[in-house]
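A.B. asks:
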Amino acid sequence: MSRVIHTGQALVDVVVEVPDLPARGQNVMASSATDYAGGAVTVLVAAARFGAECVQAGAIGTGPHGDLIRSALAAEGISAAADPVPDRDTGICVVMVEPSAERTFVTTLGAERHISVESLATSDPRPGDLVCVTGFSFALASTGEPLLAWLPTLDPDVVVVLDPGAAFAGLSEHVRAAMLEVTDVWSSNAEEAEELLRAVGQEPPTDLAELTTAIAPLLRGDAVAIVRDGPEGCAVHVEGGTTYVPGFPQTPVDTNGAGDTHTGALLAEVAAGTPWVEGCRRANAAAAIKVTRRGPQSAPTATEVDDFLRTAVE
Numbered sequence: 000m001s002r003v004i005h006t007g008q009a010l011v012d013v014v015v016e017v018p019d020l021p022a023r024g025q026n027v028m029a030s031s032a033t034d035y036a037g038g039a040v041t042v043l044v045a046a047a048r049f050g051a052e053c054v055q056a057g058a059i060g061t062g063p064h065g066d067l068i069r070s071a072l073a074a075e076g077i078s079a080a081a082d083p084v085p086d087r088d089t090g091i092c093v094v095m096v097e098p099s100a101e102r103t104f105v106t107t108l109g110a111e112r113h114i115s116v117e118s119l120a121t122s123d124p125r126p127g128d129l130v131c132v133t134g135f136s137f138a139l140a141s142t143g144e145p146l147l148a149w150l151p152t153l154d155p156d157v158v159v160v161l162d163p164g165a166a167f168a169g170l171s172e173h174v175r176a177a178m179l180e181v182t183d184v185w186s187s188n189a190e191e192a193e194e195l196l197r198a199v200g201q202e203p204p205t206d207l208a209e210l211t212t213a214i215a216p217l218l219r220g221d222a223v224a225i226v227r228d229g230p231e232g233c234a235v236h237v238e239g240g241t242t243y244v245p246g247f248p249q250t251p252v253d254t255n256g257a258g259d260t261h262t263g264a265l266l267a268e269v270a271a272g273t274p275w276v277e278g279c280r281r282a283n284a285a286a287a288i289k290v291t292r293r294g295p296q297s298a299p300t301a302t303e304v305d306d307f308l309r310t311a312v313e
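Residue numbers are given in numbering that gives the first Met the number 0: position 52 of the sequence shown equals residue 51, and the series is strictly consecutive.
(1) Going by CA-CA distance only, name the one from I59, T61, V42, G60 that's closest to E52.
(2) For N283, report the span of its alpha helix (DSSP H) as first-last.
(3) Is the beta carbon of D34 less than 8 Å from the beta carbon of G60?
(4) Pairs of beta-carbons, one from the segment 61–70 and one from the segment 276–286, closer than 8 Å: are there three or more?
(5) Quick one, which of Q8, A29, T241 has its alpha-carbon nearest V15's?
(6) Considering only residues of the segment 204–256, which uninterrupted beta strand (DSSP E) runs meet the minimum length of 3 residues and lie entirely inside it, listed in chain order?
(7) Evaluate the contact criterion for the segment 195–207 versus the segment 149–157: three or more CB pairs, one atom per stretch, below 8 Å.
(8) Just tell me which of Q201, P216, V199, G169 has its CA closest to the CA of W185.
(9) If you count every other CB in all the chains shown that lies within 10 Å of the CB of E191, and 16 or more means buried, which is it?
(10) Please go through the same chain and pick out, in chain order, the residues whose beta-carbon is closer than 6 Å to the beta-carbon of G263, but skip the five residues on each side of it.
(11) Kindly identify the DSSP beta-bridge partner or partners of N188.
(12) Would you identify the three-state DSSP class for M95, choosing helix, strand or coil?
(13) Under DSSP, the alpha helix (DSSP H) around L147 begins and ends at which residues?
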């Protein structure tokens with residue numbers, strides 16, 4: 000079976016639930032504060048709970064935050080390929096969650112930003128493996144440059160998956176083009192897709208399927224493009240055609256990690272041989288379940304999605 004390998008930043012999410020964001024210079028009282036392994040870990044946990052063999056190729060620090068990351072990975076049977084970064088701990092992301100489930104982030108830099116071509120190569124991607132890249136890796140040269148040097152050396156049958164994040168459209172034209180040239184699968188939300196099209200001088204369509212179709216020609220070869228629209232579901236462009244896949248709207252309590260859960264579940268399904276459209280339907284269900292649970296590591300298992308879909312059909 001193909002593996003899911005993630006090259007992105009594994010961070011500790013410090014999640015605080017707040018009644019509202021404070022005004023500048025002011026304070027609010029949080030009703031809870033919890034530390035979770037987040038970032039790339041969220042994608043890998045979702046994929047592992049769907050039965051995929053998973054590998055974290057990004058850097059992990061030495062210290063309590065790095066220990067938390069390693070513990071979370073080990074609990075799900077996920078391997079960490081590279082040796083820990085000495086004398087530097089993993090960074091954190093402060094996540095402020097409002098009652099609407101909207102999130103606001105503040106991120107620090109740590110060991111996760113110290114990668115190299117050699118450290119990435121310890122993950123040893125094989126033909127058929129799915130290698131995930133986050134656009135946030137290109138925000139700094141310390142992670143962007145090694146990735147752009149390493150990715151073109153992979154076997155052509157390794158599938159490179161780009162989750163652009165909010166950072167990608169704002170990158171230099173050179174960096175964007177270099178990454179898109181090695182991208183086999185694009186997986187983003189609608190806003191991220193719209194921003195990329197504007198960055199390359201195109202007016203984005205308002206229809207989700209048309210938006211997804213417009214992304215595909217920017218990628219390598221006969222690439223796959225997936226664009227999500229929260230509870231409305233997603234569209235997937237594959238083999239020259241685009242299909243809208245409806246979502247399963249829920250009353251959310253925490254949307255943190257919903258997109259990552261969708262990506263992880265989808266890639267695990269594809270790694271197991273599920274067609275892209277059916278994989279998207281199951282990933283939509285996984286994300287729908289996740290938003291009803293608190294914390295970025297609250298992805299459902301494949302069995303829970305089976306049960307959810309049976310109820311949804313009924």
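Yeah, the Cβ is synthetic: ideal placement off N, Cα and C, and Gly gets one too.
C.D. replies: Looking at the atomic coordinates:
(1) V42
(2) 275–289
(3) no
(4) no
(5) Closest option to V15, Cα to Cα, is A29.
(6) Within the segment 204–256, the complete beta strand (DSSP E) runs of at least 3 residues are 223–227, 232–237, 240–245.
(7) no
(8) P216
(9) By the 10 Å Cβ count, E191 comes out buried.
(10) Excluding sequence neighbours, G263 sits near V42, A45, A46.
(11) According to DSSP, N188 bridges with R227.
(12) strand
(13) Segment 140–149, the alpha helix (DSSP H) holding L147.
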